[in-house]
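In terms of the numbering used here, the sequence shown has 644 at position 283, counting the first letter as 1, and numbering is strictly consecutive.
All C-beta atoms in this analysis are idealised placements derived from N, C-alpha and C, irrespective of residue type, glycine included.
Let me begin by presenting the structure, written as structure tokens, before commenting on it.
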Amino acid sequence: MKETVVSGIRPTGKLHLGNYFGAVANFVKMQHDYNCYFFIADLHSLTTHPTPSDLHGYVKHILVEYLACGINPEETTIYVQSDVPEVAELYLYLNMNAYLGELERSASFKDKIRSHPDNVNAGLLTYPTLMAADILIHRATKVPVGKDQEQHLEMTRTFSNRFNRLYNNDFFPEAQAYNFSQNLVKIPGLDGSGKMSKSSGDGNCIYLSDSPEVIRKKISRAVTDGGPAEENQAKPEAIQNLFDLMKIVSTPDTLTHFDELYSKMSIRYGDFKKQLAEDMIVFNTPIREKIEDLSKDTVYLRQVAKHGALKARESAHKTIKAVREIIGFKSF
Ligand code: AMP
Numbered sequence: 362m363k364e365t366v367v368s369g370i371r372p373t374g375k376l377h378l379g380n381y382f383g384a385v386a387n388f389v390k391m392q393h394d395y396n397c398y399f400f401i402a403d404l405h406s407l408t409t410h411p412t413p414s415d416l417h418g419y420v421k422h423i424l425v426e427y428l429a430c431g432i433n434p435e436e437t438t439i440y441v442q443s444d445v446p447e448v449a450e451l452y453l454y455l456n457m458n459a460y461l462g463e464l465e466r467s468a469s470f471k472d473k474i475r476s477h478p479d480n481v482n483a484g485l486l487t488y489p490t491l492m493a494a495d496i497l498i499h500r501a502t503k504v505p506v507g508k509d510q511e512q513h514l515e516m517t518r519t520f521s522n523r524f525n526r527l528y529n530n531d532f533f534p535e536a537q538a539y540n541f542s543q544n545l546v547k548i549p550g551l552d553g554s555g556k557m558s559k560s561s562g563d564g565n566c567i568y569l570s571d572s573p574e575v576i577r578k579k580i581s582r583a584v585t586d587g588g589p590a591e592e593n594q595a596k597p598e599a600i601q602n603l604f605d606l607m608k609i610v611s612t613p614d615t616l617t618h619f620d621e622l623y624s625k626m627s628i629r630y631g632d633f634k635k636q637l638a639e640d641m642i643v644f645n646t647p648i649r650e651k652i653e654d655l656s657k658d659t660v661y662l663r664q665v666a667k668h669g670a671l672k673a674r675e676s677a678h679k680t681i682k683a684v685r686e687i688i689g690f691k692s693f
């Protein structure tokens, strides 16, 4: 039997290269060998209070972009999280055994308190239990995510093991974070620090749907410095980030070429950025063109979402039925 894989992305905007290399590229590679469920995490996105029309538009973006990247809806179950109410039911059960202290210790919750002190809602606090419900609803064992989600996965294991212990069974398997290329990846942004992330602004991200002109502009504005001060010096973070991006879109020869120029102190950042932008455009173009085509095909998108919801609910229903029995809910 094929192992089950689950992962999702919050519809809070368009997909960027971090989402692609941290998540979607793995979805595409895994779909042949695993029983895959890839969803659009619209329940999660409610923590930031999108308007109804924004919410629908963002869900459509992700659906289109999943398909444009090569996820095959015949082979894989693609669904919208809110189409599967069993997820919300499992989330409720898991919340009964999730403790305030452990939820408050989550790094992403602490981050959110710092960045949005005016909106510290219970949905943010219980984000890890909803994520656990997403995974456990299909009893998945592998979760393709970026390095930023490692701690949440650890919490999923805590919740599933606790459930098993509490009810003295082994119903839920242990889910592990997964990346096709061995190590979990972190794609850096363009602002000189940290990871590529929508919350750091559009200038920090290259979106899959960005046009060549936008990519050139964003890369030309990426943070650099005054250049290397001595031969063979280590690269500061902002420069290393751009080299890391080059590593994923350019050929090894190109990377070596600029690496050598940097070591010899003869690199010109203008040329380096131009090459990076052009290679990024070559990478992006086929996906962007598919995004443009698919966005117009409403009938097909509706059909994919409906088919995915049916398949996801079939699997979710089985889990919820068993969980209800384990907990002790019985009909009279
Ligand atoms: P989010 O946009 O936070 O909902 O993330 C969706 C998926 O993309 C998760 O699996 C993340 O691990 C992954 N992801 C987001 N940003 C990055 C990044 N900069 N590097 C690697 N993976 C990322």
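Beta-carbon contacts of residue i that lie in its chain and below 7 Å, excluding the five residues immediately before and after
{"i": "residue 484", "result": "407, 408"}
{"i": "residue 533", "result": "497, 500, 521, 524, 525"}
{"i": "residue 505", "result": "366, 368, 384, 387, 388, 391, 539, 540"}
{"i": "residue 664", "result": "none"}
{"i": "residue 450", "result": "681"}
DSSP beta-bridge partners of residue i
{"i": "residue 399", "result": "368, 439"}
{"i": "residue 481", "result": "Paired residues: none, contrary to the question."}
{"i": "residue 377", "result": "568"}
{"i": "residue 623", "result": "Answer by DSSP bridge pairing: none, since residue 623 is not bridged."}
{"i": "residue 539", "result": "505"}
Where residue i falls: helix, strand or coil (DSSP)
{"i": "residue 386", "result": "helix"}
{"i": "residue 499", "result": "coil"}
{"i": "residue 534", "result": "coil"}
{"i": "residue 678", "result": "helix"}
{"i": "residue 528", "result": "coil"}
{"i": "residue 579", "result": "helix"}
{"i": "residue 363", "result": "coil"}
{"i": "residue 684", "result": "helix"}
{"i": "residue 316", "result": "Given that the chain is displayed from residue 362 to residue 693, the structure contains no residue 316 and the question cannot be resolved."}
{"i": "residue 559", "result": "helix"}
Candidates the options: closest to residue i by CA position
{"i": "residue 594", "options": "616, 625, 688, 617", "result": "625"}
{"i": "residue 559", "options": "371, 670, 468", "result": "371"}
{"i": "residue 633", "options": "606, 687, 415", "result": "606"}
{"i": "residue 570", "options": "690, 686, 433, 642", "result": "642"}
{"i": "residue 463", "options": "611, 518, 575, 685", "result": "518"}
{"i": "residue 537", "options": "493, 527, 577", "result": "493"}
{"i": "residue 688", "options": "509, 527, 422", "result": "527"}
{"i": "residue 425", "options": "441, 436, 411, 410", "result": "441"}
{"i": "residue 543", "options": "377, 550, 445, 508", "result": "508"}
Span of the alpha helix (DSSP H) around residue i
{"i": "residue 427", "result": "413–430"}
{"i": "residue 599", "result": "598–610"}
{"i": "residue 638", "result": "630–656"}
{"i": "residue 474", "result": "468–476"}
{"i": "residue 550", "result": "Premise fails: residue 550 is in no alpha helix (DSSP H) and is neither H nor E."}
{"i": "residue 456", "result": "447–456"}
{"i": "residue 462", "result": "461–465"}
8 Å Cβ shell around residue i - same chain, five flanking residues per side excluded
{"i": "residue 363", "result": "394, 395, 396"}
{"i": "residue 447", "result": "498, 674, 677, 678, 680, 681"}
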